[in-house]
Amino acid sequence: MAFDIEMIKAVYGNYPTRIAAARKAVGRPLTLTEKILYAHLTQGAATEAYQRGGSYVDFNPDRVAMQDATAQMALLQFMQAGRDKVAVPSTVHCDHLIQAEIGADADLQKAKDKNREVYDFLASVSNKYGIGFWKPGAGIIHQVVLENYAFPGGMMIGTDSHTPNAGGLGMIAIGVGGADACDVMAGLPWELKFPKLIGVRLTGRLSGWTSAKDVILKVAGILTVKGGTGAVVEYFGEGARSLSATGKGTICNMGAEIGATTSIFGYDEKSEAYLRGTDRAEIADMANAIKEHLTGDSEVYAHPEKYFDQVIDINLSELEPHINGPFTPDLAWPLSKFAQAVKENGWPAKLEVGLIGSCTNSSYEDISRAASLAQQAVDKKLIAKSEYTITPGSEQVRFTVERDGFLGVFEKMGGVVLANACGPCIGQWARHGAEKQEKNSIITSFNRNFAKRADGNPNTHAFVASPEIVTAMAISGDLTFNPVTDTLINEEGKAVKLDEPKGLELPAKGFAVEDAGYQAPAADGSKVQVIVDPKSDRLQLLAPFPAWEGTDLKGLKLLIKAKGKCTTDHISMAGPWLRFRGHLDNISNNMLIGAVNAYNGETNKVKNQLGGGYGEVPAVQRQYKAHGIGSIVVGDENYGEGSSREHAAMEPRFLGVRAILVKSFARIHETNLKKQGMLALTFANPADYDLIQEDDSIDILGLTDFTPGKALTVVLHHADGSKNEIKVNHTYNEGQIGWFRAGSALNLIKASI
Ligand code: SF4
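Listed below in structure tokens is the structure:
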């Protein structure tokens, strides 16, 4: 599991010269975010200042991390790149496919049986290509990364939206799609729009019932779920330095809920203590040697208004515990106002289940503080009124908190310890009775609480809070309970009060683990066989997409003209389709089934131009494919917004769609389409969208002279014999035109070896 010390040495070795060059290029003091970004430019030392929120810049991340649901397609693609080994240290973490039902051991065994072929595939491909493999049960990606791989001043990408968790240890860590991970593992640069910067100045100090989680719950209330979009949130100030590294991780983790690119804290004594506590003294020593580069310049923090795009002030001494929800993580309630909100809104006050842990809140500090309350429940003869579950974030944390007696305390309180995995946080929860869809309340220490996320029941009101508040609420069984002011009646009929939670940031006896669940890759993977059963319905090896035929595209059938919002969820739905994330043919059966057909206002019902009738989108497209006929998809504004899921680009490519023509694209999806060798085009005149008719056959002309900045021509042949000729734009640069010609970016990478 060893971190790559040589890589970190190389990164730190560059810091002094690269930061000096960046300061010169920018012409002013630097924030921490800018230091790390400029230190990771693909071009080396900076020669120009980039425009925040404007410039697209190439970076060389230091690491890649993948979770098991997204790793499948990322690695299937990587296998196409023709490389012997990954270019940067990379890891796979088996955490998303374990369903919580009975308890840790039984659930883990069941998941191993059910997902065996996926795990075997991920293990063998990791072994072959030099990727560290964390087995099912080893823990949740972000906790394992924080404990083992995150380092101050580093830059990583991860195929999961809560990758920013590593910002707690001073790393720029960003969630991406599998295609981006594949590129970086293949040694290509990674492009990012230079982010805007939001500064959060923390003053004061946490005390009593308030914890680090409450900082981000408060920030989410201020910024809302969209407020961080395109920005990095940088925390600083004496309050920031007072927080434990894992507490900082919690705050950065949940920055994903405000849409932030990532969040980050500077290197300080707490970071150093955590590095030493997790057996990484060598990194702490190296970081100490360049520590002035691992935090923002003092002038920046003295006058943040001059250097950040937005500044938020939070005084930790005055911060109340918060409870956010239901149904959205930005509906923030200070604890003192929550009971009233529950009553006024008619939310179910009876609390059914309290769930602690997950990647967001399962540090030693979190567990020890929650356990101090569980111990009080036992001592004060209180019986927990709600069900209560504990999800440790890693085997190292689980083993240590078991050794220190905390799990035993939870069990005495009636708690159930679940596997070290995502479980209920990602809907992998076989919750008894959820299918009845009854209105009910749960409270978790997780990060997301959208409808149906935990148990599939749209009427489950899910609230988010710190593990301490979740535990107190589970003991009381009542959402209107305020542990700061209220008493509870115990088994003897006496009124008792819970004392403030107490815990330790790091275990006094140090962390311990018997089997962390790590499998190192083979030193020479050339002989390793990658196991994929050709009969599998979950995994399928990819075949390269065909190269461009060298001519204009003529006679394309209109597959669908989508109206209104068409996100990556509309193009490639999640939910039950998750199980096919590693099987392109099978998952293609969800292609565009959520898109609204502009001609009939219905979803998944389009005209079949070969047979006249109407059919489901994937089925109609498969017919066109079977007849060797290409097709085109037309869309509205901001087509492909949402996640960076590459399936939304791969599916149409796989089924024979040749072009996506829209009023405008969400940029990541546009890039994903280009990478897969598709034509991503926009109407030069958006009103031409209205010219497209349901029976159109369409030509795309000008491809033999496909040039950056030069419009292409589209001819619409209508069923009545008339036609329209329109101009369409594109944003392909020379390199991307190369991807189109080769059939995909991967084909080109492979050809370059
Ligand atoms: Fe994502 Fe939840 Fe798993 Fe964290 S615990 S990685 S938020 S699914």
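Each residue of the sequence shown is one higher than the last, beginning at 301 in our numbering.
Think of the CB as a built atom: it goes at the ideal place given N, C-alpha and C, for glycine as much as any other residue.
Asked: What's the C-alpha gap between isoleucine 968 and glutamate 735?; Found: 36 angstroms
Asked: Quick check: glycine 654 and threonine 744, are their CB atoms within less than 9 angstroms of each other?; Found: yes
Asked: Spell out the partners DSSP gives phenylalanine 565 in its beta bridges.; Found: Tyr535
Asked: Pick helix, strand or coil for phenylalanine 954, following the three-state DSSP scheme.; Found: helix
Asked: Could you say which of Ala481, Val525, Asp460, Val445 lies nearest to leucine 469 if we only look at CA atoms?; Found: Val445
Asked: What first and last residue would you give for the alpha helix (DSSP H) that runs through glutamate 711?; Found: 706-712
Asked: Rounding to the nearest angstrom, what Cα-Cα distance links glycine 1021 and isoleucine 336 in this structure?; Found: 59 angstroms
Asked: Would you say the beta carbon of asparagine 448 comes nearer than 8 angstroms to a heavy atom of the ligand NAP?; Found: As far as ligands go, the structure on display features the ligand SF4 and does not contain the ligand NAP.
Asked: Looking at the secondary structure, which residues open and close the alpha helix (DSSP H) in which serine 672 lies?; Found: 664-679
Asked: Rounded to whole angstroms, what is the Cα-Cα separation between asparagine 1029 and glutamine 976?; Found: 19 angstroms
Asked: With respect to the beta strand (DSSP E) encompassing tyrosine 449, which residues constitute its N-terminal and C-terminal limits?; Found: Premise fails: tyrosine 449 is in no beta strand (DSSP E) and is neither H nor E.
Asked: For the alpha helix (DSSP H) containing glutamate 557, name the first residue and the last one.; Found: Taken as a continuous stretch (DSSP letters only), glutamate 557 belongs to no alpha helix (DSSP H), as it is neither H nor E.
Asked: Please state if the CB of glycine 894 and the CB of isoleucine 860 are separated by a distance shorter than 9 angstroms.; Found: no
Asked: By Cβ distance below 6 angstroms, which residues in the same chain neighbour asparagine 889 in space, the five residues on each side in sequence not counted?; Found: Pro918
Asked: Less than 9 angstroms between the C-beta atoms of lysine 863 and aspartate 778, yes or no?; Found: no
Asked: Hey, would you say cysteine 311 sits closer than 9 angstroms to glycine 454, going by beta carbons?; Found: Cysteine is not the amino acid found at residue 311; the sequence shown has valine there. Yes, these two residues count as a Cβ contact at 9 angstroms.
Asked: In whole angstroms, what separates the C-alpha of glycine 850 from that of lysine 974?; Found: 17 angstroms
Asked: Could you tell me whether the region 479-496 touches the region 372-380, where touching means 3 or more Cβ pairs closer than 8 angstroms?; Found: yes
Asked: Is phenylalanine 1138 close to the ligand SF4? I mean its beta-carbon at under 8 angstroms from any heavy atom of the ligand.; Found: Any question about residue 1138 goes unanswered here, given that the chain covers just 301 to 1053.
Asked: Near isoleucine 1037, what residues of its chain come up, given a Cβ to Cβ distance below 6 angstroms and the 5 sequence neighbours on each side ignored?; Found: Phe1006
Asked: Between the region 705-725 and the region 454-466, do at least 3 Cβ pairs fall closer than 8 angstroms?; Found: no
Asked: Using DSSP with H/G/I as helix, E/B as strand and the rest coil, what is aspartate 579?; Found: coil
Asked: Could you tell me whether any non-hydrogen atom of the ligand SF4 is closer than 8 angstroms to the CB of aspartate 666?; Found: no
Asked: In angstroms with no decimal places, state the Cα-to-Cα distance between glutamate 605 and threonine 331.; Found: 12 angstroms
Asked: Give every residue of the same chain whose Cβ lies closer than 7 angstroms to the Cβ of arginine 945, excluding the five residues on either side of it in the sequence, and list them in chain order.; Found: Gly477, Thr868, Ser872
Asked: What does the alpha-carbon distance come out to for the pair tyrosine 350 and arginine 958?; Found: 35 angstroms
Asked: How is lysine 335 classed by DSSP in three states: helix, strand or coil?; Found: helix
Asked: Looking at the structure shown, is glutamate 695 part of a helix, part of a strand, or coil, going by DSSP?; Found: helix
Asked: Helix, strand or coil for glycine 915 per DSSP?; Found: strand
Asked: Do cysteine 725 and the ligand SF4 come close, with the Cβ less than 8 angstroms from some heavy atom?; Found: yes
Asked: Take glycine 537 and list the residues in its own chain whose beta-carbon comes closer than 6 angstroms to its own, dropping the five residues that flank it on each side.; Found: Arg501, Leu502, Thr503
Asked: By the three-class DSSP mapping on this structure, what secondary structure does valine 962 have?; Found: strand
Asked: Roughly how many angstroms lie between the CA atoms of glycine 475 and leucine 884, to the nearest whole one?; Found: 22 angstroms
Asked: Taking 8 angstroms as the cut-off, is the CB of serine 943 close to at least one heavy atom of the ligand SF4?; Found: no
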